[in-house]
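Novice: Residue numbers (my numbering), protein chains in the order written: chain A, 1 to 784; chain B, 1 to 118.
Glycine included, every Cβ here is placed at the ideal spot set by N, Cα and C.
(1) Grouping DSSP H, G and I as helix and E and B as strand, with all else coil, what is residue 73 of chain B?
(2) With burial defined as no fewer than 16 other Cβ atoms inside 10 Å of the residue's Cβ, what is the status of residue 54 of chain B: buried or exposed?
(3) Grab me the residues of residue 649 of chain A's own chain with a C-beta within less than 6 Å of its C-beta, minus the 5 sequence neighbours each way, in chain order.
(4) Over the uninterrupted alpha helix (DSSP H) stretch that includes residue 183 of chain A, give me the two end residues.
(5) Only counting the same chain, and skipping five residues up and downstream in sequence, which positions put a Cβ closer than 6 Å to that of residue 404 of chain A?
(6) For residue 179 of chain A, tell me which candidate among A/53, A/142, A/278 has the shortest Cα-Cα distance.
(7) Residues of the segment 199–226 of chain A with a CB closer than 9 Å to any CB of chain B: list them in chain order, please.
(8) Check whether the segment 164–172 of chain A and the segment 226–240 of chain A are in contact - that is, three or more C-beta pairs closer than 8 Å.
(9) Tell me where the alpha helix (DSSP H) around residue 79 of chain A begins and ends.
(10) Expressed to the nearest angstrom, what Euclidean distance is found between the alpha-carbon atoms of residue 778 of chain A and residue 541 of chain A?
(11) Confirm, please, whether the CB-CB distance from residue 311 of chain A to residue 338 of chain A is below 8 Å.
(12) Decide if residue 549 of chain A is buried, meaning its Cβ has at least 16 other Cβ atoms within 10 Å, or exposed.
(13) Determine which residues of the segment 69–81 of chain A have a Cβ less than 8 Å from any Cβ of chain B, and write them out in chain order.
(14) Report yes or no: is there a C-beta of chain B within less than 8 Å of the C-beta of residue 3 of chain A?
(15) Suppose only complete runs of 3+ residues qualify. What are the beta strand (DSSP E) ranges in the segment 55–134 of chain A, listed by chain order?
(16) Run through DSSP, which three-state label would residue 562 of chain A get?
(17) Check the Cβ-Cβ distances between residue 42 of chain A and every residue of chain B, and say whether any is below 8 Å.
(18) What is the DSSP secondary structure of residue 740 of chain A, counted as helix, strand or coil?
(19) How would you write the range of the beta strand (DSSP E) that residue 420 of chain A sits in, first residue to last?
(20) Would you say residue 39 of chain A reaches chain B, if we count a Cβ-Cβ gap shorter than 8 Å as a contact?
(21) For the beta strand (DSSP E) containing residue 14 of chain A, list its first residue and its last residue.
(22) Contact criterion: CB-CB distance below 8 Å. Does residue 14 of chain B meet it with respect to chain A?
(23) For residue 584 of chain A, is the classification buried or exposed, using 16 other Cβ atoms within 10 angstroms of its Cβ as the cut-off for buried?
(24) With a 10 Å radius around its C-beta and 16 neighbouring C-beta atoms as the bar for buried, classify residue 260 of chain A as buried or exposed.
(25) Tell me the residue span of the alpha helix (DSSP H) that contains residue 100 of chain B.
(26) Locate the beta strand (DSSP E) running through residue 663 of chain A, then write down its first and last residues.
(27) From the DSSP output, which residues share a beta bridge with residue 21 of chain B?
(28) So what does DSSP say about residue 570 of chain A, is it helix, strand or coil?
(29) When Cβ atoms are compared, which residues of the segment 66–94 of chain B fall closer than 8 Å to chain A?
(30) Give me the chain B residues within the contact set of residue 112 of chain A, using Cβ-Cβ distance strictly less than 8 Å, ordered along the chain.
(31) According to DSSP, is residue 581 of chain A helix, strand or coil?
(32) Considering residue 758 of chain A, what are the terminal residues of the beta strand (DSSP E) in which it resides?
(33) Relative to the alpha-carbon of residue 71 of chain A, which residue among A/88, A/130, A/187 has its alpha-carbon at the smallest distance?
(34) Give a yes or no on whether 8 Å exceeds the smallest Cβ distance from residue 8 of chain B to chain A.
(35) So, helix, strand or coil for residue 82 of chain B, using DSSP?
(36) Along the chain, where does the beta strand (DSSP E) that runs through residue 490 of chain A open and close?
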C-alpha cells in the first residue's frame with residue numbers, strides 16, 4: 001500500500017479483546033476517551049472508527065505506546081445509550097489496518113492508519129495448511145462442544161474466503177488476547193494459518209486431556225450412578241404401587257453407613273447379604289427389626305478402628321501417681337506392659353486380675369490405667385451374672401436376641417483396644433442356663449480371643465487388643481482354669497498411715513469441693529482424721545471413711561449456711577458431738593491378762609484385727625467346749641493345740657490328769673462374728689498352756705501362726721494386715737512363723753523399726769517368748 | 001494503486017432487504033434502500049447473479065445533529081441475488097423512487113458483460 005492512502009479516524013481503545021475484520025462485536029463504552037471517539041465517529045457520514053486493542057487493560061487513558069500496531073477499521077452499526085451512563089454499540093470489523101502516529105490525544109484519540117489487508121497466497125503449501133487447520137478446527141470444536149455439532153463450514157459460509165474463515169475460527173476458539181493479537185499482526189495468510197495451526201494443536205491437546213479426565217471420572221462414577229438410578233427407579237415403582245418407601249430409605253441409609261464403615265472383607269460380604277435380605281423383606285415382618293439391629297451392630301462395631309495407645313512411660317507414671325497412692329506392684333506391672341508394647345507393638349494385652357477388699361480402688365485404678373495410656377475405658381459388672389448368653393449373646397433366631405456384653409461394650413467404646421474392666425468376676429453365678437465362667441475362659445485366653453465369636457454376631461471378632469482388667473474380692477470362688485488365665489495382682493487394704501495420707505490428699509479435698517466449703521473455712525487436722533479412721537470406720541477400703549469425712553464437713557457447712565463466718569478447726573474431741581459415739585471399739589492391748597488368755601491376730605477382708613482367745617477351766621467337766629462362732633478349721637486347730645500340750649505335759653510340769661478330769665471352755669470374742677482359719681493355732685496353744693500352768697501371758701505380745709500336732713509352727717497369710725492391726729492396738733511384740741519373715745519387707749519402715757518381731761519354728765519358742773514364768777520350768781524339747 | 005473502498009469491503013456490509021417479482025417479460029427486483037443517494041449505488045449483473053453495492057451516508061451529520069442512539073445501518077452495503085434467469089445480456093434498467101431501488105431485468109440479446117448502470 002502506498003502512502004497516499006493513509007487515512008485518519010478516531011480510535012476506540014479495546015480492552016482484553018481483539019476485533020477481527022469480517023466480524024461483528026458488541027462493545028460497551030464508558031470511558032470518556034471511548035465515548036467521545038464514538039461520538040466523533042458517528043458524526044461522520046460513514047460511521048467508521050478504528051478499533052485497536054490496548055496492551056494493558058488497566059490503563060484508562062492509553063497513549064500510542066499503549067496500543068498495538070495492528071487493529072481493525074470498523075463501522076458502527078448500532079448505538080444505544082445506557083441509562084446508567086455510557087454507550088452500548090455494535091461494530092462490524094471491516095479491514096485490518098496498520099496504525100501510524102496519533103494526531104490527537106484529547107478528548108479522544110485520532111490516528112493515522114493505512115489499510116493493510118492480509119496478503120492472500122495461493123499454492124500447495126497454503127492449501128495443505130488450510131486443510132490441516134480445518135480438520136484440527138473441526139476436531140477442537142467437536143471436543144469443546146461435543147453436543148453442539150457445530151459445522152465450521154456452516155458458520156463461515158461457503159464463499160471460499162479463506163481470510164474470513166481464519167478470523168471466524170479464531171473468534172470461535174476464543175483465543176486469549178496475546179494469541180489473538182499475534183494472529184492479527186500476521187501479514188500473510190500462510191503465516192496466519194501456521195499460527196492458527198499451532199494454537200489449535202495446543203487447544204486440541206488440552207481438550208483431549210480434559211475429556212480423558214472427564215471420561216475416567218465418568219467411568220468410575222457410572223457404576224455407582226447406575227445403581228443409584230436403578231434404586232431410584234425401584235423406589236418410584238414402589239411409590240406407584242403404594243408400597244411404603246420407609247423401608248427402602250432405611251436400607252439405603254444402612255447401605256451408606258456400610259459403605260463408609262471399614263469392615264473386613266468377610267464381614268462386608270455377610271453384611272451385604274443380610275442387607276439384601278432386609279431389602280426384600282416386607283416391613284411388617286418380625287425379622288425386619290432383627291435384621292436391622294443386626295446390621296446396625298455390624299456397622300457400629302470397631303472392626304478396625306483403634307485408638308493410638310499412648311506409650312509415654314513418664315506420663316503414665318504421673319497419671320497413676322496422681323490418682324492413687326501406693327499400690328506399687330500394680331503400677332509397675334502397668335509400666336512394664338507399656339514398655340513391652342513400645343518394643344513390640346503387637347504384644348498381646350495382658351489380662352489382669354485385681355483382687356482386694358471393697359473400696360481399695362480397684363475400679364478407679366482401672367480407669368486411671370486407661371487414662372495413663374489414653375485408651376477408651378469400658379466397665380461392666382459380672383456380679384450376679386448367671387447366664388452364659390449374657391456374655392456371649394443369644395443366637396439371632398431367638399426373639400429379643402441381643403449381642404453379649406463384651407460386644408456391647410466394644411460397640412460403646414468405638415475402638416477395638418479399650419481397657420475393658422470386668423468387675424466382680426468372683427461373683428459370677430452358675431445355674432442350669434449355663435456357666436458364664438466357662439464362657440469367660442474363651443474371652444480371656446489371649447491364644448483364642450482373636451477370633452471371639454459372639455452368638456448373636458456370628459462373625460469372628462478380634463479381642464486380642466483389648467486390655468482386660470478383672471476385679472474380685474476373693475480368689476476362692478474363681479474357677480481354677482479361669483484364674484490360671486489371669487495375672488493376679490492383689491490390692492491389700494490400706495494401713496492407717498496410708499488411709500491418712502489418702503484422706504488428706506484425695507478424700508478431704510473432694511468432699512470439701514462437693515459441700516462448697518473451702519479448705520480455709522474448715523480445717524481437719526491429722527489427729528482428727530486418725531481418730532475418724534480408727535473409731536468411726538473399720539474397713540480395708542476407704543468408702544466409709546469418705547462418707548464420714550463428708551458428714552463432718554456437712555455439719556460444718558450447716559454452721560456457715562446459718563451465717564457464721566468463723567473458720568472452724570475440727571478437733572478430735574468435737575467428733576463425738578458431730579458423729580455421735582464412736583462406732584467401733586478397738587480391741588486394745590489388755591493389761592494384766594489372767595492365765596488362759598492370749599492375744600492373737602486375725603486377717604479379715606477389711607484388714608487385720610486383734611483377737612483375744614479366752615479359756616477357763618471347768619472343774620469336774622470334761623472335754624473342750626468352744627464358742628464364738630468358730631469354724632471347723634479353727635476348732636481342729638484348738639484340739640491340735642490341746643493334744644500337743646497333753647502329750648508334752650511333763651515338759652511344762654502340768655498334771656496330765658487335769659486334761660482328763662477337767663473340762664476347758666475356750667471362747668473367742670466378739671461372739672457374733674464368725675471366725676475360721678488355722679492361724680490362731682499357736683495363740684490357742686499359748687492360751688491353753690497358760691491356763692493349765694496358771695501363769696499369765698505377756699500382755700504386750702500378740703501372735704499368729706499355725707500349729708501342727710508335733711509342735712511345728714507353719715506360715716500364715718496376711719502378715720502385713722495382722723502386724724498393722726497389732727500396732728494399732730499398741731502391741732510391742734509380735735510372734736510370727738519364721739517362714740513369714742520375708743514378708744517384713746511389705747511393711748512400712750516405721751512399723752518395722754518400732755515393733756519387736758520374734759520369728760519362731762516351734763511352739764516351744766512361742767511359749768517361752770509369750771509366758772515368761774514358763775521359761776523357768778520348761779526345758780527345750782526340740783532341737784532347732 | 002488507487003484505494004477502492006468498494007473492493008475492500010466485499011462481504012462485510014449490511015444487506016438491504018429485497019423483493020423479487022416475476023413479470024411476463026422478465027424480472028423486477030426491489031431493494032429497500034431508503035436514504036441512499038442514487039449516485040452512491042451501483043448495480044452489477046454477471047451470469048444469473050445480480051449484485052447491488054453502495055454506501056448509505058448519514059446526511060444529518062451535516063446539520064450538526066448528534067446521535068443519541070442509532071439503529072439504521074450506514075456505510076457500505078451489498079446485496080447479491082441469484083435469479084432464475086441469465087441477467088447477462090439482458091436489458092437492465094434502474095429506477096429510484098421513495099427510497100426504493102427498482103431494478104427491471106428484461107430478457108434480450110446477449111450484450112456486453114458486466115453492464116454497469118448508473
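Specialist: In short:
(1) coil
(2) buried
(3) 656
(4) 177–185
(5) 391, 392, 393, 454
(6) A/53
(7) none
(8) no
(9) Not the alpha helix (DSSP H): residue 79 of chain A falls in the beta strand (DSSP E), residues 70–81.
(10) In this prediction, residue 778 of chain A scores a pLDDT of 49, lower than 50, which makes its location untrustworthy; the coordinate-derived value is nonetheless stated afterwards. Answer to the nearest angstrom: the Cα atoms are 44 Å apart.
(11) yes
(12) buried
(13) 75, 76, 77, 78, 79, 80, 81
(14) For residue 3 of chain A, the predicted structure reports a pLDDT of 45, less than 50, and the residue's modelled location is therefore unreliable. A value from the coordinates is still provided. No, because no Cβ of chain B sits closer than 8 Å to the Cβ of residue 3 of chain A.
(15) 70–81, 87–104, 110–115
(16) coil
(17) yes
(18) helix
(19) 419–423
(20) yes
(21) 7–14
(22) yes
(23) exposed
(24) exposed
(25) Run containing residue 100 of chain B: none in the alpha helix (DSSP H); it sits in the beta strand (DSSP E), 100–106.
(26) 663–667
(27) B/28
(28) coil
(29) 66, 67, 68, 69, 70, 71, 73, 74, 75, 76
(30) Under the 8 Å cutoff, chain B gives no residues; its nearest Cβ is about 14 Å from residue 112 of chain A.
(31) coil
(32) 756–760
(33) A/187
(34) For residue 8 of chain B, the predicted model reports a pLDDT of 45, less than 50, meaning its position is unreliable; a value from the coordinates is still stated below. So, interface residue.
(35) strand
(36) 487–490
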